[in-house]
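Residue numbers (UniProt numbering): 1 to 309.
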């Protein structure tokens, strides 16, 4: 484990007033407008828009996007998330096909497919994910497919269903440190269960890359973050993203602190010391972040070239 004197972390401010570095310009640009028009016409639900992601113009303009499967109503009530909670509608069996057709039209280089939790489904929606992966790989064979999945209650058979469809990257977010997990996430989502999910996926024969994300600013300590980085590497996680938690409404958890860009750089150095293939760390970094996706694209292209000899 890295020692504090090796990677000294800057002093944390107690201020929770939104700082200048979190202010972003309105999205614009030709690539952004083209993807926006297609998304609207085909009725895709994108996390980019739903979450008002600050990086939307950079991603859409650069050939990446994040879409959400299985509706907009979640069966879990995490205290950081703005997604609606309740009884979801039935799944649309044509959704995987429509998604694949839209991605082909958008000519995306990298697509991230995520979803709400669907604990109402016998397999949590794993087979729906798998159908989407297969359709995407059939319609857009050059597009890299990352799935950001729920925990499927930790059921290995459902995780296997997703892995066997052969996405290029499988992400599952731990979201926060172990101590804060019961406060931040739904009671059915535990820190140790998420670690087991990531470990199981990493050890499967498909040899997919694994990825996770951690929010900061919820009251975690530096020592807890360091422990989390070690736990994640111990289960083989390849890519880590670190970003600032922002309170989506007055009914959600409040921000305990705004982490400075300098502190994010220090966290990045600390995380990298554990051996992740890539760490994206910054105030505006989100689970799906173009810099991390660009790294994965480059990594897999190099591997393809090496295989061809």
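Idealized CB from N, CA, C, for every residue including glycine.
**Prompt:** For residue 174 versus residue 194, is the C-beta spacing smaller than 8 Å?
**Reply:** Locating residue 174 in the chain shown gives position 174, counting from the first residue. Locating residue 194 in the chain shown gives position 194, counting from the first residue. In contact: residue 174 and residue 194 (Cβ atoms closer than 8 Å).
**Prompt:** Count the other CB atoms within 10 Å of the CB of residue 308; is the residue buried (16 or more) or exposed (fewer)?
**Reply:** In the chain shown, counting from the first residue as 1, residue 308 sits at position 308. Exposed.
**Message:** For residue 279 and residue 271, which I take to be in contact (beta-carbon distance under 8 Å), what is that distance rounded to the nearest angstrom?
**Reply:** Locating residue 279 in the chain shown gives position 279, where the first residue counts as 1. Locating residue 271 in the chain shown gives position 271, where the first residue counts as 1. Indeed, because the Cβ distance is near 5 Å, the residues count as touching under 8 Å.
**Asked** Closest by CA to residue 303, which one among 259, 287, 208 and 253?
**Response** For the purposes of this step, residue 303 is taken as residue 303 along the chain shown, with counting starting at 1. For the residues 259, 287, 208 and 253, the minimum Cα distance to residue 303 belongs to 208.
**Message:** Assuming residue 180 is part of the alpha helix (DSSP H), what are its boundary residues?
**Reply:** In the chain shown, counting from the first residue as 1, residue 180 sits at position 180. It is not in any alpha helix (DSSP H) - residue 180 carries neither H nor E in the DSSP assignment.
**Item:** Buried versus exposed call for residue 107 [16 or more other C-beta atoms within 10 Å across all chains shown]
**Value:** Along the chain shown, one-based indexing puts residue 107 at 107. Answer is exposed; the Cβ neighbour count stays below 16.
**Message:** Let me confirm a value: residue 275 is counted as buried when at least 16 other C-beta atoms fall within 10 Å, else exposed. Which label applies?
**Reply:** To locate residue 275, count along the chain shown from 1; it is residue 275. Residue 275 should be labelled exposed.
**Prompt:** Could you give the distance in angstroms between the alpha-carbon of residue 200 and the alpha-carbon of residue 250?
**Reply:** By one-based count along the chain shown, residue 200 stands at place 200. By one-based count along the chain shown, residue 250 stands at place 250. Taken atom to atom, the span from the alpha-carbon of residue 200 to that of residue 250 is near 37 Å.
**Message:** For residue 239 and residue 295, what's the separation of their Cα atoms in angstroms?
**Reply:** The residue you call residue 239 lines up with position 239 of the chain shown. The residue you call residue 295 lines up with position 295 of the chain shown. So the two alpha carbons sit approximately 10 Å from each other.
**Request:** Check whether the Cβ atoms of residue 172 and residue 151 sit closer than 8 Å, and answer yes or no.
**Result:** Here residue 172 corresponds to residue number 172 of the chain shown, with the count starting at 1. Here residue 151 corresponds to residue number 151 of the chain shown, with the count starting at 1. Contact flag set, yes.
**Prompt:** Considering only the beta carbon of each residue, do residue 170 and residue 147 sit closer than 8 Å?
**Reply:** On the chain shown, position 170 is the one that residue 170 refers to. On the chain shown, position 147 is the one that residue 147 refers to. Yes.
**Prompt:** Can you tell me whether DSSP reads residue 298 as helix, strand or coil?
**Reply:** One-based indexing of the chain shown puts residue 298 at position 298. In this structure, DSSP gives residue 298 a helical state, which the three-state scheme calls helix.
**Prompt:** Per DSSP, residue 240 is paired with what?
**Reply:** On the chain shown, position 240 is the one that residue 240 refers to. In DSSP, residue 240 forms a bridge with 212 and 279.
**Message:** Considering Cα atoms alone, identify which of 247, 292 and 301 is closest to residue 81.
**Reply:** One-based indexing of the chain shown puts residue 81 at position 81. Closest option to residue 81, Cα to Cα, is 247.
**Message:** Run through the DSSP bridge pairs and tell me what residue 235 is partnered with.
**Reply:** Position 235 of the chain shown, counted from the start, is the residue given in the question as residue 235. BP columns for residue 235 are empty, so no partner.
**Item:** First through last residue of the beta strand (DSSP E) which encompasses residue 161
**Value:** Here residue 161 refers to the residue found at position 161 when the chain shown is read from its first residue. For residue 161, no beta strand (DSSP E) encloses it; the enclosing alpha helix (DSSP H) starts and ends at 156-164.
**Request:** Tell me where the alpha helix (DSSP H) around residue 259 begins and ends.
**Result:** Walking along the chain shown from the start, residue 259 turns up at place 259. First-last for residue 259: undefined, no H or E at that position.
**Request:** Compute the beta-carbon to beta-carbon distance between residue 111 and residue 103, rounded to the nearest angstrom, for a pair I have assumed lies under 8 Å.
**Result:** Here residue 111 refers to the residue found at position 111 when the chain shown is read from its first residue. Here residue 103 refers to the residue found at position 103 when the chain shown is read from its first residue. With a Cβ gap of about 5 Å, residue 111 and residue 103 count as contacting.
**Prompt:** Going by DSSP, what residues sit across from residue 146 in a beta bridge?
**Reply:** Here residue 146 corresponds to residue number 146 of the chain shown, with the count starting at 1. According to DSSP, which records beta bridges pairwise, residue 146 is partnered with 112 and 169.
**Message:** Just to confirm the assignment, what range does the alpha helix (DSSP H) spanning residue 194 have?
**Reply:** Numbered from 1 along the chain shown, position 194 holds the residue referred to as residue 194. Taken as a continuous stretch (DSSP letters only), the alpha helix (DSSP H) holding residue 194 covers 191-202.
**Asked** Could you check where the alpha helix (DSSP H) with residue 127 kicks off and where it finishes?
**Response** What you label residue 127 is simply residue 127 of the chain shown in a count that begins at 1. Residues 126-139.
**Prompt:** Is DSSP giving residue 4 helix, strand or coil here?
**Reply:** Taking the chain shown and counting its residues from 1, the one referred to as residue 4 is at position 4. Caution is warranted here: a pLDDT of 42 is assigned to residue 4, below 50, making its placement in the model unreliable, and no coordinate value can be reported.
**Asked** What are the boundary residues of the alpha helix (DSSP H) that residue 94 is part of?
**Response** Locating residue 94 in the chain shown gives position 94, counting from the first residue. Unbroken run through residue 94: none, as it is neither H nor E.
**Message:** Our contact map puts residue 197 next to residue 154 with C-beta atoms below 8 Å; I'd like the distance itself, whole angstroms only.
**Reply:** Mapped onto the chain shown, residue 197 falls at position 197. Mapped onto the chain shown, residue 154 falls at position 154. Between residue 154 and residue 197 the Cβ distance is about 6 Å, and since that is below 8 Å, they are a contact.
**Request:** Indicate whether residue 135 and residue 100 have their beta-carbon atoms separated by less than 8 Å.
**Result:** Within the chain shown, the letter at position 135 stands for residue 135. Within the chain shown, the letter at position 100 stands for residue 100. Result yes, Cβ atoms of residue 135 and residue 100 sit closer than 8 Å.
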